[in-house]
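Single-structure report; data block below.
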Amino acid sequence: MNIFRLAGDMTHLLSIVVLLLKIRTTKSCAGISLKTQELYVIVFITRYLDLFTRYVSFYNTAMKLVFIGTSVAIVWYMRLHKVVKQTYSRDEDTFKHYLLIPPCFILALLIPLEFTVTEILWSFSIYLEAVAILPQLLLLQRSSNIDNLTGSYVFLLGAYRALYIVNWVYRFFTETHKIRWIPWISGLVQTALYADFFYYYIKSWKNHEKLRLPA
Amino acid sequence: EPESKLHDEL
Chain A
81 MNIFRLAGDM
91 THLLSIVVLL
101 LKIRTTKSCA
111 GISLKTQELY
121 VIVFITRYLD
131 LFTRYVSFYN
141 TAMKLVFIGT
151 SVAIVWYMRL
161 HKVVKQTYSR
171 DEDTFKHYLL
181 IPPCFILALL
191 IPLEFTVTEI
201 LWSFSIYLEA
211 VAILPQLLLL
221 QRSSNIDNLT
231 GSYVFLLGAY
241 RALYIVNWVY
251 RFFTETHKIR
261 WIPWISGLVQ
271 TALYADFFYY
281 YIKSWKNHEK
291 LRLPA
Chain B
1379 EPESKLHDEL
């Protein structure tokens, strides 16, 4: 474990805490894409299939349980909680997220890490995570005003994978000396998708103005 | 150690 990966995991955890904080304190999920949250449930379940078969460390197991548990809890809040579900921006959250699943699955069949079920699903999960934020970014462009917690959530979510890229560079030079095409390229694509959001987020933060994404 | 066993990351 290196500091970049720990920072990445903590940033990822913090993004989920911020989102849960927003939903629980404001009893609202306005501006949050349910489709992105549903994709994350698929990402975590297909990535952590080895949760009960392979023990890496207490930290690893605990974090996997937290990520699966919180992502399911968020979907539950947005779909079933009697108050929160009324605040879901159903009309704006229109990205056809199910269209993202077949290409990622086909890509995982064509370029898996290994031809085993768990590794094909792991590769699928890596590819899917790279594009899972698209419905959320589209929804942000349609939101007239993005509240601070939602903006912070998306920023932290983008920042976590950027920190993972630093972790991969660090591990390449200090540990593995092996190129890991699948996570690296997916991670670069994933972080690149946040590029314009990062630009407008940092600009709004510097100018102390409301965050707005151009439509 | 094949790469896949390297899934020590989240």
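So the sequence lines, in the order shown, correspond to chains A and B.
Mapping the first sequence onto my numbering, position 78 (from 1) lands on 158, and the numbers just tick up by one.
Mapping the second sequence onto my numbering, position 4 (from 1) lands on 1382, and the numbers just tick up by one.
Think of the CB as a built atom: it goes at the ideal place given N, C-alpha and C, for glycine as much as any other residue.
Query raised in the report: Using 8 Å as the threshold, is the segment 174-189 of chain A in touch with the segment 206-213 of chain A, meaning 3 or more CB pairs across them?
Result: Yes, the segment 174-189 of chain A touches the segment 206-213 of chain A.
Report task. Identify each residue in the segment 138-171 of chain A for which the Cβ-Cβ distance to at least one residue of chain B is less than 8 Å, and report them in chain order. Result -> N140, M143, K144, F147
Report task. Check C184 of chain A in the structure and name its three-state DSSP category. Result -> Residue numbering aside, residue 184 of chain A sits at position 104 when the first sequence is read from its first letter. Note: C184 of chain A maps to helix in three-state DSSP.
Query raised in the report: Taking the alpha-carbon positions, what's the E1379 of chain B to V136 of chain A distance?
Result: Counting from 1 along the second sequence, the entry for residue 1379 of chain B is found at position 1. Counting from 1 along the first sequence, the entry for residue 136 of chain A is found at position 56. The predicted position of E1379 of chain B is uncertain, since its pLDDT is 45 and thus under 50; a value taken from the coordinates is nonetheless stated next. So the two alpha carbons sit approximately 14 Å from each other.
Query raised in the report: Along chain B, which residues have their Cβ under 8 Å away from the Cβ of R85 of chain A?
Result: Within the first sequence, the letter at position 5 stands for residue 85 of chain A. Here the neighbours are E1387.
Requested in this report: Would you mind telling me which residues of chain B sit closer than 8 Å to V136 of chain A, beta carbon to beta carbon, in chain order?
Outcome: Locating residue 136 of chain A in the first sequence gives position 56, counting from the first residue. Within chain B, the residues near V136 of chain A are H1385, D1386.
Query raised in the report: With burial defined as no fewer than 16 other Cβ atoms inside 10 Å of the residue's Cβ, what is the status of H288 of chain A: buried or exposed?
Result: Taking the first sequence and counting its residues from 1, one reaches residue 288 of chain A at position 208. Counting Cβ neighbours within 10 Å, H288 of chain A comes out exposed, since fewer than 16 surround it.
Query - Alpha-carbon to alpha-carbon, K102 of chain A and Y207 of chain A - result: In the first sequence, residue 207 of chain A corresponds to position 127, counting from 1. In the first sequence, residue 102 of chain A corresponds to position 22, counting from 1. Between Y207 of chain A and K102 of chain A, the C-alpha separation is close to 28 Å.
Report task. Say whether chain B places a C-beta atom closer than 9 Å to the C-beta of H92 of chain A. Result -> The sequence position of residue 92 of chain A within the first sequence is 12, counting from 1. With 9 Å as the cut-off, H92 of chain A counts as an interface residue toward chain B.
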